[in-house]
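Novice: I'd like to ask you about the structure that follows.
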Amino acid sequence: MSKRLKIFIFFCLMVLFLIVGRMVFLASSSGEKWRSEAVTVSVKEGLLSAIRGRIFAANGDLLVWSERRYDLYWLEPAADEKRQQKILRILEKNFAFSAAGLNSSTVYPIAVKYDLTANELEKADGLSNIYPELAIELRWERRNSDNTFDPGIVRQINNMEYGFSGVEKTFDAILRGTPGKYTVMLDRHGRWMNSTFRIVTPPQSGKDVYLSEESADRK
Amino acid sequence: MSKRHEQAQEILMHTFLLAILTAAITVWGLLALYKSLALGGSWEHFLCRQSIWVLSAWVIFFLLCQVKFSTLYKWIFLLTGIGAASLLFLPLFGLQVNGMNGWYELGSLTVQPSEITKALYILTLVRIMNSDDWSELARFTAACAVVGVFGILLLLQPDLGTTAVYLAGGVATLYFCRAKIKYLLFSGAAALLAAAAAILIHPYMRSRLINFFDPAMDPAGGGWHSRQFAIAVARGEWFGVKSDMAVWSNSFLPLSHNDSIFAGMCEMLGFCGALVLLMLYTAWFYQMYALSYWRHNALRRMVINSMACMILMQTFLHILVNLGLLPPTGVTLPLVSYGGSSAVGTMIMLAIIISAGSSRKPQTLQ
Numbered sequence: 004m005s006k007r008l009k010i011f012i013f014f015c016l017m018v019l020f021l022i023v024g025r026m027v028f029l030a031s032s033s034g035e036k037w038r039s040e041a042v043t044v045s046v047k048e049g050l051l052s053a054i055r056g057r058i059f060a061a062n063g064d065l066l067v068w069s070e071r072r073y074d075l076y077w078l079e080p081a082a083d084e085k086r087q088q089k090i091l092r093i094l095e096k097n098f099a100f101s102a103a104g105l106n107s108s109t110v111y112p113i114a115v116k117y118d119l120t121a122n123e124l125e126k127a128d129g130l131s132n133i134y135p136e137l138a139i140e141l142r143w144e145r146r147n148s149d150n151t152f153d154p155g156i157v158r159q160i161n162n163m164e165y166g167f168s169g170v171e172k173t174f175d176a177i178l179r180g181t182p183g184k185y186t187v188m189l190d191r192h193g194r195w196m197n198s199t200f201r202i203v204t205p206p207q208s209g210k211d212v213y214l215s216e217e218s219a220d221r222k
Numbered sequence: 385m386s387k388r389h390e391q392a393q394e395i396l397m398h399t400f401l402l403a404i405l406t407a408a409i410t411v412w413g414l415l416a417l418y419k420s421l422a423l424g425g426s427w428e429h430f431l432c433r434q435s436i437w438v439l440s441a442w443v444i445f446f447l448l449c450q451v452k453f454s455t456l457y458k459w460i461f462l463l464t465g466i467g468a469a470s471l472l473f474l475p476l477f478g479l480q481v482n483g484m485n486g487w488y489e490l491g492s493l494t495v496q497p498s499e500i501t502k503a504l505y506i507l508t509l510v511r512i513m514n515s516d517d518w519s520e521l522a523r524f525t526a527a528c529a530v531v532g533v534f535g536i537l538l539l540l541q542p543d544l545g546t547t548a549v550y551l552a553g554g555v556a557t558l559y560f561c562r563a564k565i566k567y568l569l570f571s572g573a574a575a576l577l578a579a580a581a582a583i584l585i586h587p588y589m590r591s592r593l594i595n596f597f598d599p600a601m602d603p604a605g606g607g608w609h610s611r612q613f614a615i616a617v618a619r620g621e622w623f624g625v626k627s628d629m630a631v632w633s634n635s636f637l638p639l640s641h642n643d644s645i646f647a648g649m650c651e652m653l654g655f656c657g658a659l660v661l662l663m664l665y666t667a668w669f670y671q672m673y674a675l676s677y678w679r680h681n682a683l684r685r686m687v688i689n690s691m692a693c694m695i696l697m698q699t700f701l702h703i704l705v706n707l708g709l710l711p712p713t714g715v716t717l718p719l720v721s722y723g724g725s726s727a728v729g730t731m732i733m734l735a736i737i738i739s740a741g742s743s744r745k746p747q748t749l750q
């Protein structure tokens with residue numbers, strides 16, 4: 004083996020040691036600084052709402068229950084006018100959204116459409132993946148059999164339903180349940196990366212309440 | 385067993401092992417490409433294209449292995465002239481991607497000539513350095529002129545990463561072709577001065593260097609790449625993250641299937657997985673240098689060593705950039721990164737290595 008080749012091999016080994024050394028440095032506890040930065044940048048934690056318990060009459064009839072509703076929101080204006088107009092056209096076409104009243108002083112988020120249908124939900128899901136400016140929000144709606152439930156009785160705060168009057172308030176602790184916790188990682192555009200969604204604590208549904216004659220009178 | 389027979393046996397064995405390792409690295413590359421794009425959902429298109437490119441590169445490799453080394457060596461100046469012309473016309477007819485005029489568009493294909501001309505460039509340098517008609521200084525000057533011409537043509541695109549690979553490969557070739565050390569040192573000093581001048585003249589080069597030393601200064605701008613590389617490698621720790629959690633290789637790393645594939649692999653496979661790839665590369669290069677060891681013809685040894693060195697320099701540059709040990713620049717990892725021209729260029733160099741290593745006529749031992 005020539006002397007030059009030996010020197011060259013020595014140089015290559017030095018570079019190889021440098022590479023392995025750097026890899027060990029970053030993989031070991033010394034890389035903790037970067038790992039915590041990754042968590043800060045990309046990990047999002049949130050609450051999973053618990054289903055509020057149902058209320059039954061003394062004779063076993065279902066009186067009140069919660070239903071899932073999905074709403075579409077426009078969270079923030081697009082980075083440029085071209086994109087803003089494109090989003091606007093898409094929303095007008097698919098969700099009959101009106102651009103009237105939209106101007107530079109508009110305060111975001113804007114509710115584009117409440118109570119999406121199954122078809123609209125599918126469209127909105129696809130769009131929110133392409134345009135992070137759009138987001139679908141889950142909302143629980145309290146219903147009764149004759150659709151006369153006053154929305155002021157149960158209000159949603161931070162993904163949880165709280166009872167504010169009557170039986171809903173009296174039995175709130177039983178009906179409310181316990182929210183769960185999730186983590187998800189965001190990509191560099193701030194969008195969810197679905198494969199990284201993990202439920203840390205599953206939500207505990209609220210318990211059903213069976214009214215006695217006495218409590219039904221109070222309702 | 386006669387020495388000649390032993391030599392032929394060894395060369396055959398190393399050629400075979402080289403081909404096997406090349407195939408293993410190629411398959412690794414396809415898997416890495418899939419993994420680095422899987423979460424984004426666009427992997428089918430890239431994997432399909434890269435598979436076609438890899439197959440084409442292997443066909444070119446087998447065809448070139450049939451060409452006699454002496455034939456190639458005879459026509460090298462003409463071939464290099466054509467190659468240099470293809471680089472020269474890039475600013476006029478080339479396709480601009482990411483601010484770089486480095487590709488020709490041929491229908492649905494894009495070809496990067498600078499990847500294909502690597503082998504011709506090295507062979508030209510070897511031929512100049514082995515020319516008997518010129519004095520040693522004249523040979524060295526002519527070789528430096530070739531390095532300079534290619535360097536300028538690449539900087540016109542502008543492709544700093546490939547320029548660095550050409551420069552490192554060129555210097556290594558001159559070194560293996562027994563250029564005097566004082567000439568090398570002198571030209572190295574001149575190259576450093578030129579680099580310093582370029583850094584002073586071009587603000588973007590200066591900012592790239594400043595951000596390399598202090599990525600926190602502009603974390604969302606110039607320091608972005610260095611930070612993402614470090615985070616990706618650190619996230620992988622010893623055994624890598626679960627494949628559905630490889631967020632950095634699938635989103636944050638710039639061109640994760642191409643210029644950042646090593647950092648992406650570190651995230652997905654961790655230190656241990658990346659070490660296996662490093663060992664695979666080490667075995668691969670060892671086979672190339674083993675071929676030159678058993679080849680007792682000085683010229684062919686120079687060709688094998690220089691070609692191997694060109695691929696090695698590219699590998700080192702990619703890995704060093706991905707580990708944040710060099711300023712960020714776009715260099716592909718041979719046979720692993722996405723890129724048809726890069727795969728074809730590497731396979732051409734391998735074909736020349738095997739062609740120079742094999743002997744159809746009995747060799748006389750020196």
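Chains as they are written, first to last, in our numbering: chain A, 4 to 222; chain B, 385 to 750.
Glycine included, C-beta positions come from ideal geometry on N, C-alpha and C.
Give the single residue among A:Gly63, A:Glu84 and A:Lys172 whose Cα lies nearest to the Cα of Arg55 (chain A).
Specialist: Measuring from the Cα of Arg55 (chain A), the nearest candidate turns out to be A:Lys172.
Novice: Got a sec? Which residues, its chain only, sit under 7 Å from Leu479 (chain B) by beta carbon, not counting five neighbours each side?
Specialist: Same-chain partners within the cutoff: Trp487, Tyr488, Glu489 and Thr494.
Novice: Among the residues of its own chain, which have a CB less than 6 Å from the CB of Asn485 (chain B), if the five just before and after it don't count?
Specialist: Cβ neighbours of Asn485 (chain B) beyond the five flanking positions: Leu474, Pro475, Gly478 and Gln541.
Novice: Please report the distance separating the alpha-carbon of Leu396 (chain B) from that of Ser739 (chain B).
Specialist: Each residue's alpha carbon lies about 12 Å from the other.
Novice: Determine, using beta-carbon pairs with one atom in the region 145 to 158 of chain A and one in the region 62 to 70 of chain A, whether at least three such pairs fall under 8 Å.
Specialist: The region 145 to 158 of chain A is in contact with the region 62 to 70 of chain A.
Novice: Cβ closer than 7 Å: which chain B residues qualify as neighbours of Arg38 (chain A)?
Specialist: Within 7 Å Cβ-Cβ: Ala618 and Arg619.
Novice: Show which residues of chain B have a CB atom less than 8 Å away from the CB atom of Val18 (chain A).
Specialist: Those are Phe700 and Leu704, listed as they occur along chain B.
Novice: What number of angstroms, rounded off, separates the C-alpha of Thr748 (chain B) from the C-alpha of Leu653 (chain B)?
Specialist: Unreliable placement is indicated for Thr748 (chain B), whose pLDDT of 41 sits below 50; the coordinate value is still reported in the next sentence. The straight-line gap from Cα to Cα measures roughly 48 Å.
Novice: Should Arg158 (chain A) be labelled buried (16 or more other beta-carbon atoms within 10 Å of its own) or exposed?
Specialist: With fewer than 16 other Cβ atoms within 10 Å, it is exposed.
Novice: Does any residue of chain B bring its CB to less than 9 Å from the CB of Phe13 (chain A)?
Specialist: So, not an interface residue.
Novice: What residue from B:Gln496, B:Val443 and B:Gly657 has the CA that sits closest to Trp412 (chain B)'s CA?
Specialist: Out of B:Gln496, B:Val443 and B:Gly657, B:Gly657 has the C-alpha closest to the C-alpha of Trp412 (chain B).
Novice: Which term fits Gln750 (chain B), buried or exposed, when burial requires 16 or more other beta carbons within 10 angstroms of its beta carbon?
Specialist: With a pLDDT of 38 at Gln750 (chain B), under the threshold of 50, the modelled position of that residue is not reliable, and the figure given next carries that caveat. Label assigned to Gln750 (chain B): exposed.
Novice: Among all the DSSP beta bridges, which residues are the ones paired with Val187 (chain A)?
Specialist: Note: Val187 (chain A) sits in a beta bridge opposite A:Lys47.
Novice: In the DSSP assignment, the beta strand (DSSP E) including Trp427 (chain B) goes from what residue to what residue?
Specialist: Unbroken run through Trp427 (chain B) is the alpha helix (DSSP H), Trp427 to Gln450; no beta strand (DSSP E).
Novice: Going by beta carbon distance, what residues of the same chain come within less than 7 Å of Gln671 (chain B), once the five residues before and after it are set aside?
Specialist: Within the same chain, Gln671 (chain B) has close Cβ partners His398, Leu401, Leu402 and Leu405.
Novice: Determine the extent of the alpha helix (DSSP H) in which Ile156 (chain A) is found, giving its start and end residues.
Specialist: Unbroken run through Ile156 (chain A): none, as it is neither H nor E.
Novice: For the region 186 to 205 of chain A, list every residue whose C-beta sits within 7 Å of some C-beta in chain B, in sequence order.
Specialist: Taking 7 Å as the Cβ-Cβ cut-off against chain B, the residues of the region 186 to 205 of chain A that qualify are Met188, Asp190, Arg191, Met196, Ser198 and Thr199.
Novice: Here's the rule: buried if 16 or more other CB atoms are within 10 angstroms of the residue's CB, otherwise exposed. What is Ala503 (chain B)?
Specialist: Buried, since its Cβ has 16 or more Cβ neighbours within 10 Å.
Novice: With a cut-off of 8 Å, do at least 3 Cβ pairs link the region 595 to 611 of chain B to the region 549 to 557 of chain B?
Specialist: Judged by Cβ distances under 8 Å, the region 595 to 611 of chain B makes no contact with the region 549 to 557 of chain B, as fewer than three pairs qualify.
Novice: Considering Cα atoms alone, identify which of B:Ala674, B:Phe446, B:Met697 and B:Val631 is closest to Gln393 (chain B).
Specialist: With distances taken between Cα atoms, Gln393 (chain B) lies closest to B:Ala674.
Novice: For Ser101 (chain A), name the three-state secondary structure that DSSP assigns.
Specialist: Ser101 (chain A) falls in the coil class under three-state DSSP.
Novice: State the Cα-Cα distance for the pair Ala527 (chain B) and Ala604 (chain B), rounded to the nearest angstrom.
Specialist: If I take the Cα positions, the gap works out to 42 Å.
Novice: Listing by chain order, which chain C residues have their CB less than 7 Å from the CB of Trp622 (chain B)?
Specialist: Absent from the structure is chain C; the protein chains it does hold are A and B.
Novice: Using a Cβ cut-off of 9 Å (strictly closer), state whether Thr557 (chain B) contacts chain A.
Specialist: With 9 Å as the cut-off, Thr557 (chain B) does not count as an interface residue toward chain A.
Novice: If you drop the 5 nearest sequence neighbours on each side, which residues of the same chain put their C-beta closer than 6 Å to that of Arg590 (chain B)?
Specialist: Cβ neighbours of Arg590 (chain B) beyond the five flanking positions: Ile583.
Novice: Please decide whether Asp516 (chain B) counts as near chain A, where near means a Cβ-Cβ distance under 9 Å.
Specialist: So no, Asp516 (chain B) is outside the interface.
Novice: Would DSSP call Arg55 (chain A) helix, strand or coil?
Specialist: In the structure shown, Arg55 (chain A) sits in coil (DSSP, three-state: anything other than H, G, I, E or B).
Novice: Could you pull out every residue in the same chain whose Cβ sits closer than 7 Å to the Cβ of Leu683 (chain B), ignoring the five residues on either side in sequence?
Specialist: Excluding sequence neighbours, Leu683 (chain B) sits near Asn514.
Novice: Give a yes or no on contact between the region 718 to 726 of chain B and the region 433 to 449 of chain B, applying the rule of three or more CB pairs nearer than 8 Å.
Specialist: Yes, the region 718 to 726 of chain B is in contact with the region 433 to 449 of chain B.
Novice: Quick one: using the 10 Å Cβ neighbour count with 16 as the cut-off for buried, is Cys650 (chain B) buried or exposed?
Specialist: The residue in question, Cys650 (chain B), is buried, as its Cβ has 16 or more Cβ neighbours within 10 Å.
Novice: With distances taken from CA atoms, which of A:Thr186, A:Lys126 and A:Val42 is nearest Lys96 (chain A)?
Specialist: Here the closest residue by C-alpha is A:Lys126.
Novice: Using CA atoms only, rank isn't needed, just tell me which of B:Asn689, B:Thr699 and B:Phe636 is closest to Leu710 (chain B).
Specialist: Nearest option by C-alpha distance: B:Thr699.
Novice: Give the interface partners of Gly654 (chain B) over in chain A, defined as CB-CB distance under 7 Å, in chain order.
Specialist: The contacting residues are Ala30.
Novice: In angstroms, rounded to a whole number, what distance separates the CA positions of Thr449 (chain B) and Ala82 (chain A)?
Specialist: One detail in the question is off: residue 449 (chain B) reads as Cys in this sequence, not Thr. Looking at the two C-alpha atoms, the distance is approximately 54 Å.
Novice: Is Lys564 (chain B) helix, strand or coil when you go by DSSP?
Specialist: Three-state result, Lys564 (chain B): coil.
Novice: Counting only Cβ-Cβ distances shorter than 8 Å, please list the residues of the region 627 to 643 of chain B near chain A, keeping chain order.
Specialist: Within the region 627 to 643 of chain B, the residues whose Cβ lies closer than 8 Å to some Cβ of chain A are Asp628, Met629, Val631, Trp632, Asn634, Ser635 and Phe636, listed in chain order.
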